[in-house]
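K.L.:
Using full-length UniProt numbering, the first residue of the sequence shown is number 1, and each one after it goes up by one. One structure, as structure tokens, below. Some questions next.
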Amino acid sequence: MEHSNKKKKKKGSQNPEAKFQFELNTCSKAKDLRGAISLYDDAVSNNTRLNQHHFNALLYLCSNSVADPSLKSTALDYGFRAFCHMSALAVLPNEATVTAVARLAAAKGDAGYAFDLVKSMGKNYNNALPRLRTYDPALFCFCEMLDADKAYEVEEHMSGVGVSLEEAEVAALLKVSARCGRADKVYEYLHKLRSSVRCVSESSAVVIEEWFRGSKSSEVGEVEFEAGQVKEGVLRNGGGWHGQGWVGKGDWVVSRTSVGADGHCCCCGEQLVCVDIDDAEREKFAGSVAALAFEREVKANFSEFQAWLEKHASYEAIVDGANIGLYQQNFADGGFSISQLDDVVKELYNRSGKKWPLVVLHNKRLRGLMENPSSRRLVEEWMNNGALYTTPNGSNDDWYWLFAAVKLRCLLVTNDEMRDHIFELIGSNFFNQWKERHQVHYTFVKGNLKLQMPPSYSLVIQESEKGYWHVPLAPGTSCESTRCWLCITRPCGHDVVATVSNGVSSLDSQVDENNATSVTGKRKERSPPS
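Printed below as a string of structure tokens:
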């Protein structure tokens, strides 16, 4: 009872500003715009001292009410009135303020004012930083108005302050580009969509279908172009796309289909690929691993390994020896199972056409193995065939096998999912994509080894050397064969394409059995993109 009286006393003793904030928040939760406006009018009449929180609460409610036709006019009127009042009182806006007012501006079709607000944030609003939501009103409004150039300007400004596009924004830019006939920008945004999402939403899929079914799309592209340049682009980018522009000529055929477990499109028969990170990403990735290793390892030891690896760069698979040797060994008589490790080594040797993998093992493990005659025989066999690298005392062998796999573009046999906080420092932008393409998992069922090779294809937008496009839709089901894909081809593409060797390693061919195709002929001089 005493506690209840204290609460009532505290509530009754609230100052006008706190009482106004509490009641505004209540209206906001209830989406009661008219109630909030009444409170605001009373606060102004009573000369209540208004602060940033008060204005932001009202502006937020106004900006969320413009979608209701019965409230739109009132929301716009009071929203802009409140913002002017805020400026008159010299109350400093923040990012939330600008976002709400930008939404109001976009709701009345004034994309320019919405964009001006964002551009003025740094100098006028105490260096408040814009976020994606701050740009969205201007960007989407320009797109709806089919003002493609201004939409591109918004994107450029976003890039300048480090704000990244997400699927909705890329799809909007793709749509305005398509409707304005900007084929070069459509191509650019298709690739931005490819790099930002794995599977597209239904709304994005519809935008893509509309472009390829339109008359403008059939006019773009070249029948004659440099085959080698397209192929080099695919190899440089890690497979799955070339980025060299529209390939082929004529009308596109757009279908909704599925992809088989082996990666073949059920509509056109094209073999999809397991996409790797590109050359620049690989170098950055390897550099990040090396930099972290130098921070945590004896520099001389890791430098010695790097030098050794430069001279022994022909491996197709790296083996995390400790992970395999200790697999399922948590029982009374369990220890380090060299037989499991040897099974993996021999399996990789046989699969690769008699090429030895590289086993990375800590020196302390080696000493123990050399004390047992049968284990010693296997270790010596690996040593004699250049299949073993032992990491020195005090080192973390994780850095060694990861660096080798990245640097040499190898498969990596380990069940370690690399979720350690140290691996998080590398960043996940392309780490997961790299793992999908390179990590080989394994199991031993009743002593029998089973390797789980990387998937035959990646669940991501793919652009083939023929100029075909395949786009996976989300959400999927537990059965990938029932996932919907867009298959986008040109019939004339068959006439200008010649089959060439893919040039993948023997182990990689078990990941992707595709024989890559390349376009023949020389590229014509292109006119500037429209």
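Here a beta-carbon is modelled for each residue, glycine too, at the ideal position from N, C-alpha and C.
1) If G221 sits next to W246, beta carbons under 8 Å apart, how far is it from one beta carbon to the other, in whole angstroms?
2) How many Å lie between V200 and T257 at the Cα?
3) Using DSSP bridges, identify the partner residues of W469.
4) Which residue from R34, C180, G35, H54 puts its Cα closest to that of A18?
5) For V440, which three-state DSSP category applies?
6) Flag this pair as touching only if the stretch 455 to 471 and the stretch 338 to 351 have three or more C-beta atom pairs under 8 Å; answer yes or no.
7) Cα separation between R490 and A107?
8) Taking L366 as the reference, give the member of G325, K354, V223 with the closest Cα.
9) In three-state terms, what does DSSP make of Y315?
10) Tell me which same chain residues have a C-beta within less than 7 Å of the C-beta of C143, skipping the five on either side of it?
11) Considering only the beta carbon of each residue, do S204 and E167 sit closer than 8 Å?
12) How big is the Cα-Cα spacing for V496 and V275?
13) Which stretch, first to last residue, makes up the alpha helix (DSSP H) that contains H191?
14) Can you name the start and end residues of the alpha helix (DSSP H) that L58 belongs to?
15) Check C84 in the structure and name its three-state DSSP category.
16) Using the C-alpha atoms, what's the distance from I37 back to R437?
17) Comparing alpha-carbon positions, which option in M145, K311, L117 lies nearest A105?
18) Go through the stretch 349 to 378 residue by residue and report every complete run of the beta strand (DSSP E) that reaches 3 residues or more, in order.
19) Keeping to the same chain, check which residues put their C-beta closer than 7 Å to that of H157; ignore five residues upstream and five downstream.
20) Would I318 pass as a contact of A183 if the rule is Cβ separation under 8 Å?
21) Using only CA atoms, which one of W211, G335, V406 lies nearest to E310?
22) For the beta strand (DSSP E) that contains R34, what are its first and last residues?
23) Which residues does DSSP list as the beta-bridge partners of H264?
24) Buried or exposed: K29, going by 16 or more other Cβ atoms within 10 Å of its Cβ?
25) Tell me, to the nearest whole angstrom, how far the beta carbon of L33 is from that of A88; I am working on the premise that it is less than 8 Å.
26) Closer than 7 Å by C-beta to D343: which residues in its own chain qualify, once you throw out the five before and the five after it? Chain order, please.
27) With distance defined between alpha-carbon atoms, name the residue in K355, A322, S352 nearest to Q340.
28) Going straight from the alpha carbon of K355 to that of K192, what length do you get?
29) Within 8 Å of any Cβ in chain C, is that where the Cβ of K446 sits?
30) Given this structure, state the Cα-to-Cα distance separating N301 from E295, to the nearest angstrom.
31) Buried or exposed for Q329, please, with buried defined as at least 16 other CB atoms from any protein chain shown within 10 angstroms of its CB.
32) Between which residues of its own chain and Y125 is the CB-CB distance below 6 Å, once the five residues before and five after are set aside?
33) Does the beta-carbon distance from C265 to C484 come in below 8 Å?
34) Nearest-angstrom Cα distance between G386 and D149?
35) Buried or exposed for K466, going by 16 or more other Cβ atoms inside 10 Å?
36) Using C-beta distances below 7 Å, list every residue in its chain close to L58, excluding the 5 sequence neighbours before and after it, in chain order.
P.N.:
Reading it off the structure:
1) Residue numbering aside, residue 221 sits at position 221 when the sequence shown is read from its first letter. Residue numbering aside, residue 246 sits at position 246 when the sequence shown is read from its first letter. Contact flag correct, Cβ pair sits at about 4 Å.
2) Translated into positions along the sequence shown, residue 200 becomes position 200. Translated into positions along the sequence shown, residue 257 becomes position 257. Taking the straight line joining both Cα atoms gives about 15 Å.
3) Taking the first residue of the sequence shown as position 1, residue 469 is located at position 469. DSSP output for W469 lists E463, I488 as bridge partner(s).
4) Counted from its first residue, the sequence shown places residue 18 at position 18. Ranking the options by Cα distance to A18, first place goes to H54.
5) For the purposes of this step, residue 440 is taken as the residue at position 440 of the sequence shown. Secondary structure of V440 (DSSP, three-state): strand.
6) no
7) To locate residue 490, count along the sequence shown from 1; it is residue 490. To locate residue 107, count along the sequence shown from 1; it is residue 107. Rounded to the nearest angstrom, the two C-alpha atoms are 41 Å apart.
8) Within the sequence shown, residue 366 is the residue found at index 366, counting from 1. The candidate whose alpha carbon is nearest that of L366 is G325.
9) Stepping through the sequence shown from its first residue, residue 315 is reached at position 315. If DSSP states are grouped into helix, strand and coil, Y315 belongs with coil.
10) What you label residue 143 is simply residue 143 of the sequence shown in a count that begins at 1. Taken in chain order, the residues that qualify are A151, A172, L173, K175, V176.
11) Against the sequence shown, residue 204 aligns to sequence position 204. Against the sequence shown, residue 167 aligns to sequence position 167. Going by C-beta atoms, S204 is nearer than 8 Å to E167.
12) Counting from one through the sequence shown, the residue named residue 496 turns up at place 496. Counting from one through the sequence shown, the residue named residue 275 turns up at place 275. The predicted position of V496 is uncertain, since its pLDDT is 45 and thus under 50; a value taken from the coordinates is nonetheless stated next. So the two alpha carbons sit approximately 24 Å from each other.
13) Taking the first residue of the sequence shown as 1, we reach residue 191 at position 191. Run containing H191: 183 to 196, per the alpha helix (DSSP H) assignment.
14) Residue 58 sits at position 58 when you count from the first residue of the sequence shown. That run of the alpha helix (DSSP H) goes 52 to 65.
15) Here residue 84 is taken as the residue at index 84 of the sequence shown, counted from 1. C84: helix per DSSP, three-state reduction.
16) Walking along the sequence shown from the start, residue 437 turns up at place 437. Walking along the sequence shown from the start, residue 37 turns up at place 37. So the two alpha carbons sit approximately 57 Å from each other.
17) Taking the first residue of the sequence shown as position 1, residue 105 is located at position 105. The option with the nearest alpha carbon to A105 is L117.
18) Within the stretch 349 to 378, the complete beta strand (DSSP E) runs of at least 3 residues fall at 358 to 362.
19) Counted from its first residue, the sequence shown places residue 157 at position 157. Around H157: K119.
20) Stepping through the sequence shown from its first residue, residue 318 is reached at position 318. Stepping through the sequence shown from its first residue, residue 183 is reached at position 183. Taking 8 Å as the Cβ cut-off, I318 and A183 do not qualify as a contacting pair.
21) Within the sequence shown, numbered from 1, the residue matching residue 310 stands at position 310. Comparing Cα positions, the closest option is V406.
22) To locate residue 34, count along the sequence shown from 1; it is residue 34. Element bounds for R34: not the beta strand (DSSP E) but the alpha helix (DSSP H), 33 to 45.
23) For this step, residue 264 is matched to residue 264 along the sequence shown. Answer is Q271.
24) Here residue 29 corresponds to residue number 29 of the sequence shown, with the count starting at 1. Within a 10 Å sphere around the beta-carbon of K29 sit fewer than 16 other beta-carbons, which makes this residue exposed.
25) Along the sequence shown, one-based indexing puts residue 33 at 33. Along the sequence shown, one-based indexing puts residue 88 at 88. Between A88 and L33 the Cβ distance is about 22 Å, and since that is not below 8 Å, they are no contact.
26) What you label residue 343 is simply residue 343 of the sequence shown in a count that begins at 1. Excluding residues within five positions, the ones whose Cβ falls inside 7 Å are L449.
27) Within the sequence shown, the letter at position 340 stands for residue 340. Closest by alpha carbon: A322.
28) Mapped onto the sequence shown, residue 355 falls at position 355. Mapped onto the sequence shown, residue 192 falls at position 192. Their backbone Cα atoms lie some 39 Å apart in a straight line.
29) Considering every chain present, this structure includes no chain C. It has just one protein chain.
30) One-based indexing of the sequence shown puts residue 301 at position 301. One-based indexing of the sequence shown puts residue 295 at position 295. Cα to Cα, the separation comes out at about 12 Å.
31) Residue mapping note: residue 329 aligns to position 329 of the sequence shown, counting from 1. So Q329 counts as exposed.
32) On the sequence shown, residue 125 is found 125 positions in, with the first residue counted as 1. So the list reads P93, once near-sequence residues are dropped.
33) The count along the sequence shown starts at 1 and reaches residue 265 at position 265. The count along the sequence shown starts at 1 and reaches residue 484 at position 484. Annotated as distal: C265 and C484, with beta-carbon spacing of 8 Å or more.
34) Translated into positions along the sequence shown, residue 386 becomes position 386. Translated into positions along the sequence shown, residue 149 becomes position 149. Near 59 Å, if we compare the C-alpha coordinates of D149 and G386.
35) In the sequence shown, the residue the question calls residue 466 occupies position 466. Counting Cβ neighbours within 10 Å, K466 comes out buried, since at least 16 surround it.
36) The count along the sequence shown starts at 1 and reaches residue 58 at position 58. For L58, where only same-chain residues beyond five positions count, the Cβ hits under 7 Å are L24, A36, Y40, A82.
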